[in-house]
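*Asks:*
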Amino acid sequence: VTLTLQPMCVSAAPDREGCLVLLDNCIVAVLVRLSEWHGEAAGSWFYELASAPVMARITLRFST
Amino acid sequence: MPRDASAPDFDKERTMTAPTELHLEHNVLFRKLRSISPLSDDEKECLSTLPLTTKKFGPDQDIVREGDRPSECCLVVEGFVCRYKFTTDGKRQIFSFHIAGDIPDLQSLHLKVMDHSLMTLTPCKLAFISHQSLTELMRKCPRVADVMWRDTLIDAAIFREWMMGIGRRSAYTRIAHVLCEVFSKMRSVGLGNGNGCEWPVTQAELGDALGLSTVHVNRSLQELRGDGLIELRGGSLTILNWDGLKKAGEFDPTYLHLDGEAEQAA
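Written out as structure tokens, the structure is:
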């Protein structure tokens, strides 16, 4: 099983920085880094989109 | 801030005041029922005799829980209350927000076991009415029973709008819609000012109500602010452009059936 993080620009204004999460070359999630608009949460990562099996196991926001 | 000329002129329609002999709690209930249907002096008199027990609650306190078998209903006198339920893995769904004048567990009069819970969102003053007293009131004054029945039907109409929002509307539209709804309800019972009202609901609570993450709530609120529609500050909502907010929320107030007198006359 290979997990790949592919940096990507995202259109989720005001957030722009993101990455694709690939599991064995299949997209399983899109992560977005939260901008300063999000106060205390700024800089943490957020699951913008995730496949159903991933959604069932994750915490939506995390710091690293 | 000058009042938006397009804001609804509820004041003009709601200038009728309750008789001074009504206590605060009875007046709050009277104002609510009067906002959805006309009431005669006899019916007012009937309401004024309803025995109530007032209690103060802090924020985030359960009032009644899923599985309980309450023997009384709760009238919100001051503050914000919500109905909610947890999924088995601990995610909360808020079903509705309630303000002064609402009796959010009125259905416990006929549905004996609570199928959801009721909690405060802010410090609240609540007045409890025993089922027995409510039943006696409704027998003595069938017109009041009719208005309470009407209120439960409006409650169901609100659920249909929320279902529409959660199922089919964007985060931006859902939030604009709920802001329009709460503002309209507050104004109809004489709360709030010309173009705004109290808004103590946190982003996390709003997310739990609308099926959104706090990230999406925050982004959408920023967008509504950026579009010049609202301002949220210090627990208050100011509506800068009422027509714009209604359009953003696809808000048509028909489902709130607030103009009781017009409906009766039609």
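Here the protein sequences line up with chains A and B, keeping their order.
Read in the numbering used here, the first sequence has 74 at position 62, and its numbers run on one by one without any break.
Read in the numbering used here, the second sequence has 172 at position 115, and its numbers run on one by one without any break.
All C-beta atoms in this analysis are idealised placements derived from N, C-alpha and C, irrespective of residue type, glycine included.
For residue 65 (chain A), go through chain B and note every residue whose CB falls closer than 8 Å to its CB, in chain order.
*Replies:* Under the 8 Å cutoff, chain B gives no residues; its nearest Cβ is about 15 Å from residue 65 (chain A).
*Asks:* Enumerate in chain order the residues of its own chain whose CB-to-CB distance from residue 198 (chain B) is below 7 Å, with the five nearest sequence positions on each side excluded.
*Replies:* The residues are 100 and 103.
*Asks:* Tell me whether residue 307 (chain B) sits in a helix, a strand or coil according to DSSP, three-state version.
*Replies:* In this structure, residue 307 (chain B) counts as coil in the three-state DSSP scheme.
*Asks:* Who are the neighbours of residue 73 (chain A) on chain B, taking C-beta pairs under 9 Å?
*Replies:* Simply 270, 271 and 272.
*Asks:* Residue 165 (chain B) to residue 140 (chain B), Cα distance in whole Å?
*Replies:* The alpha-carbon atoms of residue 165 (chain B) and residue 140 (chain B) are separated by roughly 13 Å.
*Asks:* Below 8 Å on the Cβ atoms is my guess for residue 32 (chain A) versus residue 20 (chain A); work out the distance and round it to an integer in Å.
*Replies:* About 5 Å separates the two Cβ atoms, so the contact holds.
*Asks:* Measuring CB to CB, does residue 168 (chain B) end up less than 8 Å from residue 205 (chain B)?
*Replies:* Not closer than 8 Å, so no.
*Asks:* What does the alpha-carbon distance come out to for the pair residue 319 (chain B) and residue 133 (chain B)?
*Replies:* Note that residue 319 (chain B) scores 43 on pLDDT, short of 50, meaning its location in the model is unreliable; the coordinates nonetheless yield the value given after this. Roughly 26 Å separates the two Cα atoms.
*Asks:* Just to confirm my understanding: we take residue 308 (chain B), look at its own chain, exclude 5 residues before and 5 after, and list those with CB closer than 6 Å. What are they?
*Replies:* Cβ within range, chain order: 234 and 237.
*Asks:* 8 Å is my cut-off, CB to CB: does residue 150 (chain B) come that close to chain A?
*Replies:* Chain A contact via Cβ: absent.
*Asks:* Do residue 231 (chain B) and residue 93 (chain B) count as a contact pair if the criterion is CB distance below 8 Å?
*Replies:* Cβ atoms of residue 93 (chain B) and residue 231 (chain B): not closer than 8 Å.
*Asks:* Note down the Cα distance separating residue 306 (chain B) from residue 240 (chain B), rounded to an integer number of angstroms.
*Replies:* Taking the straight line joining both Cα atoms gives about 13 Å.
*Asks:* May I have the straight-line CA-CA distance separating residue 196 (chain B) from residue 116 (chain B), to the nearest angstrom?
*Replies:* If I take the Cα positions, the gap works out to 35 Å.
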